[in-house]
Structures are given as C-alpha cells and as structure tokens.
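Inspection log for the structure reproduced underneath, given as structure tokens.
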Amino acid sequence: MSWSVFAGEIPTQTVLAMPPALAKATANFLRALAIEAGSACDLGRPAPGDPLDDTGLRHSLEIPGEPVIIEYLIVPEQQQIRVPVLVWMN
146 MSWSVFAGEI PTQTVLAMPP ALAKATANFL RALAIEAGSA CDLGRPAPGD PLDDTGLRHS
206 LEIPGEPVII EYLIVPEQQQ IRVPVLVWMN
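The opening residue of the sequence shown carries number 146 in my numbering; numbering runs sequentially from there.
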C-alpha cells in the first residue's frame with residue numbers, strides 16, 4: 146500500500162479558491178509530500194518541515210516559492226498524511 150494525502154474540508158476549499166496554476170502546484174506538492182513524508186516515516190527518518198510536537202508526527206512547512214503554509218499529521222497505521230491546516234497568504 147502506498148501513502149496517501151487527505152485534506153480537510155477547509156484546506157480543500159482554500160485550494161479550490163486559488164488561481165488554477167497555484168491550485169495545481171499545491172495539489173502536486175501535497176502528493177509529493179505524501180511520498181516523501183511517508184518514506185521518511187517508513188525509514189525512521191525525520192519528516193520534512195518543522196516539528197510541532199514531541200511525537201514527530203505533526204509538522205509545518207511552506208510550499209517553496211508559493212504563498213502557502215501547511216500543517217500536516219502523519220498517520221503511520223493508515224499510511225496517510227492528513228492536512229488539517231492550509232493557509233494561502235493572498
């Protein structure tokens with residue numbers, strides 16, 4: 146099973162409100178993040194971004210070159226990355 150990404154309702158609405166090019170870049174980044182963070186978790190390595198707690202499962206990062214910041218949670222037992230917070234600084 147491969148890692149997947151799930152964005153909550155508000156982050157999803159935020160992406161849908163973006164200009165098409167930014168929405169596509171954000172969606173592509175989130176898909177790549179699922180692969181990268183999932184692989185890091187599988188290998189016992191730190192996930193991308195700044196840790197937000199002591200468990201190493203919550204992180205925050207900025208999408209490089211884009212006005213978007215996300216917080217995400219790694220859910221190893223479901224091989225899923227969850228995005229509860231996505232901020233578009235427009």
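The C-beta atom is built at its ideal place from N, Cα and C for all residues, glycine as well. In this text the structure is predicted, and so the values were computed from the model without any measurement.
Backbone secondary structure at residue i - three-state DSSP
i	result
Leu167	helix
Gln224	coil
Asp195	strand
Glu211	coil
Arg176	helix
Leu188	helix
Leu206	strand
C-beta atoms of residue i and residue j nearer than 8 Å
i	j	result
Val230	Pro156	yes
Val213	Trp233	yes
Leu161	Ala168	yes
Pro193	Glu181	yes
Rounded Cβ spacing between residue i and residue j (contact assumed at less than 8 Å)
i	j	result
Arg203	Pro196	7 Å
Exposed unless 16 or more other CB atoms sit within 10 angstroms - verdict on residue i
i	result
Ala152	buried
Leu175	buried
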